[in-house]
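Student:
Number of protein chains: 2
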Amino acid sequence: MATKRQQLLDFAVLGLLHEAPMHGYEVRKRLDLAIGPFRALSFGTLYPALRGLVEEGYLVERSTDGPNTSRRPRIVYELTEHGRARFGELAGGGDDAAYDDESFALRLAFFARTEGTARLRILQGRQARLEERLAAIRRDAASGDSWSRLLTRHTEESLVRDLRWLAELIAAERGSSSTPGTLTDPNHPAFQPPRLGAPN
Amino acid sequence: MATKRQQLLDFAVLGLLHEAPMHGYEVRKRLDLAIGPFRALSFGTLYPALRGLVEEGYLVERSTDGPNTSRRPRIVYELTEHGRARFGELAGGGDDAAYDDESFALRLAFFARTEGTARLRILQGRQARLEERLAAIRRDAASGDSWSRLLTRHTEESLVRDLRWLAELIAAERGSSSTPGTLTDPNHPAFQPPRLGAPN
DNA sequence: GCTGCATGTATCGGCTCGATATATCGACAC
DNA sequence: GTGTCGATATATCGAGCCGATACATGCAGC
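Protein sequences appear in the order of chains A and B.
Sequential numbering of the first sequence, starting at 1, is according to the UniProt record's numbering.
Sequential numbering of the second sequence, starting at 1, is according to the UniProt record's numbering.
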């Protein structure tokens, strides 16, 4: 039922809320800045999604404002145990894992919180995807006028480089034990508790 | 009024129809295969767009089927003079030229039919865009855990390579006269007259 | 002559984007 | 102090697009 994009958004939100509760505005800012390649999403998408996650029991609302403030109430969302489990499911790839640029970058952003076996599977899935793309580009490498061919050749070279890079990651993942240790760093700014604006 | 995406689609359709009249199915196939990076678009988008272009006088419908065939009528679209002019406008960049991956790749696909001055402007616009992206990535290169940083570093290297490539193109464009000659090749399969299925 | 696949046009529901409305807070100027 | 500006924060709406689906024909293989 859930769209691929919806699943991806759920994954990102659940991942962000893992370390600290946040309100919607904060979530969006981090998706924009910290997570990087994840395309900015509009509030018209995010807010309904947050409410949906509450409905499904993955999040709970929690207002940090005292009752006697005149301030517009801000809704802080907090992860439930159920939500934590859901993140694990989504991180593992779920039913139909997508390996496009955006999905892959997002998965990588939460790799430190992903199981070793799932990590390997994701890297290999991405590899397969890029190899498909490379084959497709080589298939009609000769087509197009010289301008298009210029772009095609450049894209092909980029793909080869990306694949080499991926192969290195896979080798490293295979070599290390299930917990990479030296590669994991808990000081991700996206995981620092957010400052929730006014103190009150 | 027109969306950025609509303008892009108009540009692609007008460009494809420059050499030969086609029906919608053919247009979609070429957008998918020949043009490459232009994301596949659904018929639910393409057909209304074609009808819209007819309404605006950029295309005319022309049925190639004789009256006595039982075959479902296929609508062949043909470029008008007005449409040819419109393509020139859009190729020049129009009001708000977009320089994202998709737009740029599409513009490049029709570069042989684009004026020299517009070509240079497009390459430089793309250059500016990539430099922005590079600056943004470098600004928070230190953020994220080591997994994200791995991706960030790789992306940064790719951007640098892309910029180098672009600089070469720009130098070549500057060096050559307004018509590149040696670089232009009219044998683009996208510009071969389409085979319209059954002969009749 | 049956089955499957490519060709070809068309529509619809649901989801998303982009714009907009509303409201509070902190900062800085005058 | 008070005026304005930008950041914070939630919410909604119209327009537009994707993905699925329906329908119909031609062609190849068996």
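Every residue, glycine too, gets a C-beta built ideally from N, C-alpha and C.
(1) Where does the unbroken alpha helix (DSSP H) through residue 107 of chain A begin, and where does it stop?
(2) Distance check for residue 152 of chain A and residue 137 of chain A, CA to CA, integer angstroms please.
(3) What does residue 111 of chain B touch in chain A if you count any residue whose Cβ is under 7 Å from its own?
(4) Which of the three DSSP states is assigned to residue 26 of chain A in this structure?
(5) Contact between the stretch 131-145 of chain A and the stretch 107-114 of chain A: three or more CB pairs below 8 Å?
(6) Determine whether the beta carbon atoms of residue 33 of chain A and residue 41 of chain A lie at a separation below 8 Å.
(7) Note down the Cα distance separating residue 82 of chain B from residue 61 of chain B, rounded to an integer number of angstroms.
(8) In terms of alpha-carbon separation, which member of A:169, A:43, A:58 and A:73 lies closest to residue 126 of chain A?
(9) Please check if any C-beta of chain B sits within less than 8 Å of the C-beta of residue 105 of chain A.
(10) Could you say which of A:20, A:84, A:105 and A:18 lies nearest to residue 39 of chain A if we only look at CA atoms?
(11) For residue 25 of chain A, which option in A:18, A:7, A:19 and A:44 has the closest C-alpha, if you only look at C-alpha atoms?
(12) Given a cut-off of 8 Å, decide if residue 166 of chain A and residue 130 of chain A are closer than it, judged by their beta-carbon atoms.
(13) Residues in the same chain with beta-carbon distance under 6 Å from residue 176 of chain A, minus the five sequence neighbours each way, listed in chain order, please.
(14) Between the alpha carbons of residue 155 of chain A and residue 135 of chain B, how many angstroms are there, rounded?
(15) Comparing alpha-carbon positions, which option in B:10, B:103 and B:149 lies nearest residue 46 of chain B?
(16) For the beta strand (DSSP E) that residue 63 of chain B lies in, which residues bound it at each end?
(17) Using C-beta distances below 8 Å, list every residue in its chain close to residue 174 of chain A, excluding the 5 sequence neighbours before and after it, in chain order.
(18) Using 8 Å as the limit for Cβ to Cβ distance, is residue 138 of chain A near chain B?
(19) What residues from chain A crowd round residue 42 of chain B, counting only those whose CB sits closer than 7 Å?
(20) Is the beta carbon of residue 74 of chain A closer than 8 Å to that of residue 23 of chain A?
Tutor: This is what the structure gives:
(1) 101-109
(2) 7 Å
(3) 147
(4) helix
(5) no
(6) no
(7) 14 Å
(8) A:169
(9) yes
(10) A:105
(11) A:44
(12) yes
(13) none
(14) 22 Å
(15) B:10
(16) 59-63
(17) 120
(18) no
(19) Result: empty, since nearest Cβ-Cβ is about 15 Å, beyond 7 Å.
(20) yes
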